[in-house]
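Peer 1:
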Amino acid sequence: MSAFKDHFSTHNAGYAAHRPTYPAALVDFLAEAAPGRALALDAGCGTGQLSTRLAERFAQVVAIDASAAQIAAATPHDRVRYRATPAERSGLPDASADLVAVAQAAHWLDLDSFYDEVRRVARPGAVLALITYGVLHVADAPADRVVRHFYDAVIGPYWPPERRHVEDGYRSLPFPFPALDAPGLSIEVAWRLADLIGYIETWSAVRAAEKAVGRGPVETFQAALAAAWGDPDAVKPVSFPLSLRVGRVGHR
6 MSAFKDHFST HNAGYAAHRP TYPAALVDFL AEAAPGRALA LDAGCGTGQL
56 STRLAERFAQ VVAIDASAAQ IAAATPHDRV RYRATPAERS GLPDASADLV
106 AVAQAAHWLD LDSFYDEVRR VARPGAVLAL ITYGVLHVAD APADRVVRHF
156 YDAVIGPYWP PERRHVEDGY RSLPFPFPAL DAPGLSIEVA WRLADLIGYI
206 ETWSAVRAAE KAVGRGPVET FQAALAAAWG DPDAVKPVSF PLSLRVGRVG
256 HR
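This is the structure:
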């Protein structure tokens with residue numbers, strides 16, 4: 006089993022505050038596809054961005070992450086039970102989960118071991134969903150160009166190699182389950198300048214760049230983004246297109 010690569014625990018408060026939540030349409034699709042709505046497992050849950058949404062449609066959500074710091078910063082919910090444990094060792098009973106979801110985390114997992122765990126905990130006909138979003142789009146061309154330049158040219162060399170799986174929408178990840186058609190979905194938010202900067206500060210490549218060369222490139226980017234944005238209190242639409250790999254585990 007590969008060692009856990011913790012790129013986020015040192016910035017877990019920012020992650021909880023600035024990472025976007027997932028649309029209700031995603032949770033509706035997953036709930037309708039699942040054979041029941043008693044139990045969902047959110048593996049690699051981070052600070053609970055998907056976990057709390059799943060609790061709107063499932064009676065119980067077990068949300069797990071290998072980072073104890075992320076779990077400590079997670080958003081509480083009456084129907085979500087958080088645990089600090091790797092995705093490959095969920096601790097769930099056999100054949101108990103209607104849904105196993107992994108949001109923005111599958112590229113960090115030892116997938117062979119994780120898929121063994123999925124097969125163990127899934128009830129017949131359960132759904133597995135790998136969910137990711139790549140580069141955001143700002144509905145303001147000058148600001149969007151600044152963000153893309155920073156992402157590609159400035160901190161591009163500092164992204165972990167696993168990031169390539171996010172950029173290709175998880176299409177290159179092995180997925181040994183019968184596929185289900187998934188709708189085209191996106192996260193849609195309306196952000197001020199500080200919201201966008203707060204989100205970008207959570208990027209693992211930003212942390213890596215800071216360690217390598219200091220805050221200079223990040224501060225230069227933030228100044229350029231502020232100039233392109235204009236009034237910092239202006240609200241601009243920002244979208245995150247979702248990519249889904251969804252499959253059926255076992256048989257009904």
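Residues in the sequence shown are numbered consecutively from 6, following the numbering used here.
Quick reminder that beta carbons are idealized off the backbone N, C-alpha and C, glycines included.
1) Quick one: give me the first and last residue of the alpha helix (DSSP H) that residue 193 is part of.
2) Which residue wins for smallest C-alpha separation from residue 37, given the options 59, 52, 51?
3) Using a 10 Å radius around the Cβ and a threshold of 16 neighbouring Cβ atoms, would you call residue 177 buried or exposed?
4) Measuring only between beta-carbons, confirm whether residue 169 sits less than 7 Å from chain B.
5) Taking only runs of the beta strand (DSSP E) that begin and end inside the region 155-212, which ones reach a length of at least 3 residues, in chain order?
6) Take the Cβ of residue 91 as the centre, count every other Cβ of all protein chains shown within 10 Å, and call the residue buried at 16 or more, exposed below.
7) If you run the structure through DSSP and keep just helix, strand and coil, what is residue 240?
8) Could you pull the DSSP bridge partners for residue 248 from this structure?
9) If residue 32 sits next to residue 61, beta carbons under 8 Å apart, how far is it from one beta carbon to the other, in whole angstroms?
10) Can the beta-carbon of residue 93 be found less than 7 Å from the beta-carbon of residue 115?
11) Residue 204 and residue 23: beta carbons closer than 7 Å?
12) Are there 16 or more other CB atoms within 10 angstroms of the CB of residue 49, so buried, or fewer, so exposed?
13) Which same chain residues, not among the five before or five after residue 73, have their C-beta less than 7 Å away from its C-beta?
14) For the alpha helix (DSSP H) holding residue 54, just list the boundary residues, first then last.
15) For residue 69, write down the residues that DSSP places opposite it in a beta bridge.
Peer 2: In this structure, then:
1) The residue you call residue 193 lines up with position 188 of the sequence shown. Careful: residue 193 lies outside any alpha helix (DSSP H), inside the beta strand (DSSP E) at 191-196.
2) For the purposes of this step, residue 37 is identified with residue 32 of the sequence shown, where counting begins at 1. Minimum Cα distance to residue 37 is reached at 59.
3) Here the question's residue 177 lines up with position 172 in the sequence shown. The residue in question, residue 177, is exposed, as its Cβ has fewer than 16 Cβ neighbours within 10 Å.
4) Protein chains in the displayed structure number just one, and chain B is not present.
5) 191-196
6) Residue numbering aside, residue 91 sits at position 86 when the sequence shown is read from its first letter. Classification for residue 91: buried.
7) Locating residue 240 in the sequence shown gives position 235, counting from the first residue. In the structure shown, residue 240 adopts coil according to DSSP, grouped into three states.
8) One-based indexing of the sequence shown puts residue 248 at position 243. Answer by DSSP bridge pairing, in chain order: 137.
9) For the purposes of this step, residue 32 is taken as the residue at position 27 of the sequence shown. For the purposes of this step, residue 61 is taken as the residue at position 56 of the sequence shown. The pair is a contact, with the Cβ atoms about 6 Å apart (cut-off 8 Å).
10) The residue you call residue 93 lines up with position 88 of the sequence shown. The residue you call residue 115 lines up with position 110 of the sequence shown. Cβ distance < 7 Å, so residue 93 and residue 115 count as in contact.
11) Taking the first residue of the sequence shown as 1, we reach residue 204 at position 199. Taking the first residue of the sequence shown as 1, we reach residue 23 at position 18. Contact flag set, yes.
12) Mapped onto the sequence shown, residue 49 falls at position 44. With 16 or more other Cβ atoms within 10 Å, it is buried.
13) For this step, residue 73 is matched to residue 68 along the sequence shown. So the qualifying residues of the chain are 89.
14) Translated into the one-based positions of the sequence shown, residue 54 becomes position 49. That residue, residue 54, is in no alpha helix (DSSP H); it is neither H nor E in DSSP.
15) Numbered from its first residue, the sequence shown carries residue 69 at position 64. Under DSSP, residue 69 forms a beta bridge with 48, 88.
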